[in-house]
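Residue numbers (the numbering used here), protein chains in the order written: chain A, 11 to 155; chain B, 11 to 155.
Think of the CB as a built atom: it goes at the ideal place given N, C-alpha and C, for glycine as much as any other residue.
For clarity, every value in this text was computed on a predicted model and none was experimentally measured.
Please read the structure below before turning to the comments.
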DNA sequence: AGCTAAATTGGAATTATTCTAATTCCTGAA
DNA sequence: TTCAGGAATTAGAATAATTCCAATTTAGCT
């Protein structure tokens, strides 16, 4: 049973890939689907497990390939926290991350426009920032412990 | 010829370690010294090379151990940019980092107090941030290319 | 000086990720 | 519709950064 995307996310998916001349394969759709389906900032490993439930033959290399492709198409974001395995996130709005050092859980943190523009203004003259990463770590919700 | 710290940084070093009941060994002093001596955000590998020039017998494990200790004492900061090797920085003031994707160089970026407090205010109710990481990547100074 | 815990050492182990070469799959031109 | 050629996937090997481990050395007390 291949993973089924909703028709709206399938459109997003198809056009993002076609725009880059890439093929919307079932593996890519599945990887995208599992990331959209459970927005818990899964690692490549988590994603591999979930994808295998839908497409049992899928290899690790394919999961990594698909993730790279999806990131390249702007469909998902990579979230790197310290040295821990990379996590993936379908939230494309500008936002920060908070990691609870006790539970390891990662939460999205909204960035309001005012703060966002002040942050962007930190970049010195002559530098051009394409990417910004903001993350916090500390103790999270009491329910995490 | 063991690395010699200036007397003021030697004081900082000694008291930071003593405060935690740790010993100010020559390897630790040397690792701290090379990080202070060339503030170019070196990797563990870079640090290893530099330390070996002063204390030839030093092992990789020791460099990692020392770095962990120094970070734990608050003498240096770890800088993680994406998946690249961890870098180390003796600048303890609140600051962000900018990585030039062409040259790989990392620059410190000051954060003014106003922006800093707005960033801290992003952390939701009930969460307690101990750490904040802000980094940019993009094209840096023309001289880098 | 001698004891004890802390630190260092070299090398093996681990872990996430990337690479490689072979195979399979799509797509579009004939 | 077939088939050629590029794109994607696959399994497994390779890599790179970091951590672990057991043995040895060192430093700071008594």
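Contacts with chain A (Cβ-Cβ distance below 7 Å) from the stretch 96 to 120 of chain B involve 96, 106, 108, 119, listed in chain order. Only those residues of the stretch 22 to 44 of chain B whose C-beta falls short of 7 Å from the nearest C-beta of chain A would be listed, and there are none. In its chain, beyond the 5 residues on either side, 108 have a beta carbon closer than 6 Å to the beta carbon of residue 117/A.
Residue pairing by DSSP places residue 143/B opposite 145/A in a beta bridge. Using a C-beta cut-off of 8 Å, the stretch 132 to 142 of chain A makes contact with the stretch 142 to 152 of chain B, since at least three inter-stretch Cβ pairs fall below that distance. Around the beta carbon of residue 37/B, 16 or more other beta carbons sit within 10 angstroms, so the residue counts as buried. Under the Cβ distance rule, residue 146/A counts among the residues neighbouring chain B, one pair being separated by less than 8 Å.
Measuring C-alpha to C-alpha distances from residue 103/A to each of 84/A, 57/A, 14/A, 60/A identifies 84/A as the nearest. In this structure residue 131/B is exposed. Its beta-carbon is surrounded by fewer than 16 other beta-carbon atoms within 10 angstroms. Residue contact check for residue 78/B against chain A: no CB pair falls below 8 Å.
Straight-line spacing of the CA atoms in residue 29/B and residue 93/B works out to 33 Å. In this structure the stretch 46 to 54 of chain A does not lie against the stretch 51 to 64 of chain B, because fewer than three pairs of beta carbons, one per stretch, are closer than 8 Å.
Between residue 42/B and residue 70/B, the beta carbon gap of about 17 Å keeps them out of contact (Cβ cut-off 8 Å). Residue pairing by DSSP puts residue 106/A in a beta bridge opposite 119/A. Rounded to whole angstroms, the separation of the alpha carbons of residue 58/A and residue 80/A is 15 Å. Contact check for residue 128/A and residue 125/B: beta-carbon distance about 5 Å, within the 8 Å limit, so the pair qualifies.
Listed by position along chain A, the residues whose Cβ is nearer than 7 Å to that of residue 132/B are 106, 119, 121, 125. In the three-state DSSP reduction, residue 111/A falls in the coil class, being neither helix nor strand.
Proximity of residue 93/A to chain B, defined by a Cβ-Cβ separation below 8 Å, is satisfied.
For the 8 Å CB-CB criterion, residue 97/A and residue 86/A do not form a contact.
At the C-beta level, residue 119/A and residue 134/B come within 8 Å of one another. Chain order gives the chain B residues near residue 149/A as 137, 138, 140, where near means a beta carbon separation below 8 Å. A straight-line Cα-Cα distance of about 44 Å links residue 136/A and residue 60/A. At a cut-off of 8 Å between beta-carbon atoms, residue 65/A makes no contact with chain B.
With respect to chain A, the C-beta atom of residue 128/B has a partner C-beta closer than 8 Å. Residue 93/B carries a coil assignment under DSSP once its states are collapsed to helix, strand and coil. When DSSP states are grouped into helix, strand and coil, residue 40/B belongs to the helix group.
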